[in-house]
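> If you read the sequence shown in my numbering, its first letter stands for residue -19, the second for the next number, and so on.
For every residue, glycine included, the Cβ atom is placed at its ideal position computed from N, Cα and C.
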Amino acid sequence: MITTDFIALKDFILNRAGVFCSGFANVILDESTGLIVRGDGFEKQAIGIDDRYGNYFYIRNEPEIRYTDARSQISDTRRSVDETVKCYLVAIVENAMPKELIQILLDSLLQYGDKRIRPIKSISTREAAVAKEFAKIPKEDLQNALQHLYNRQVVIIEFDFVTTWNAGECLPSITPNTNC
């Protein structure tokens, strides 16, 4: 699973949903600070509640990848594994109705054709979403964040992002200037 998979999903949602000014991919939770930051090779940039982005979303992915056998039949001799990453689609939209926003986001996720998306659960209340996403920051900062959201809705959709890797396929390069 590479960062381009998440960037492609971000671009798809940005174009399909029609309600966002910006989107961010490869966002991670910085365990040392409790902040949500871009983790895609750029200098660390905090992503959170920010009026500069307008209506926006980010896809936060867990650093752990789970592997399971992907053979569809016992007679299938190809060695392949499913790589699964747990992700969170967090959307912050002005004057949005939460249930409808979740429906738009779910529709976008399920229409994405390149990889398999398995929705797990969602959070549709602003306070619960902010408390979950920013659980590691001081309570005072959490209260300040909620005050900035008086006319914005925050929702979270937790989902699994699944890709299949087949042994023997062209392996990715680990250095910048080499290809298969």
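Got a sec? Which residues, its chain only, sit under 7 Å from Lys116 by beta carbon, not counting five neighbours each side?
Answer for Lys116: Gly14, listed in chain order.
> When you compare only the Cα positions, how much space is there between Ile16 and Arg(-4)?
C-alpha separation (whole angstroms): 25 Å.
> Could you tell me if Thr64 is buried or exposed, where buried requires 16 or more neighbouring beta carbons within 10 angstroms of its beta carbon?
Under this definition Thr64 is a buried residue.
> Quick one: what does DSSP say Phe4 is sitting in, helix, strand or coil?
Phe4: strand per DSSP, three-state reduction.
> If you draw a straight line from the C-alpha of Gly161 to the C-alpha of Asp49, how long is it?
The structure shown does not extend to residue 161, since the chain is modelled only from -19 through 160, so no value can be given for it.
> Pull up the distance between the alpha-carbon of Ala76 and that of Ser12, whole angstroms please.
Taking the straight line from one Cα to the other gives about 33 Å.
> Span of the alpha helix (DSSP H) holding Ile(-7)?
Its alpha helix (DSSP H) spans residues Thr(-17) to Ala(-3).
> Assign Arg46 to one of two classes, buried (16 or more other C-beta atoms within 10 Å of its C-beta) or exposed (fewer than that).
Arg46 comes out exposed.
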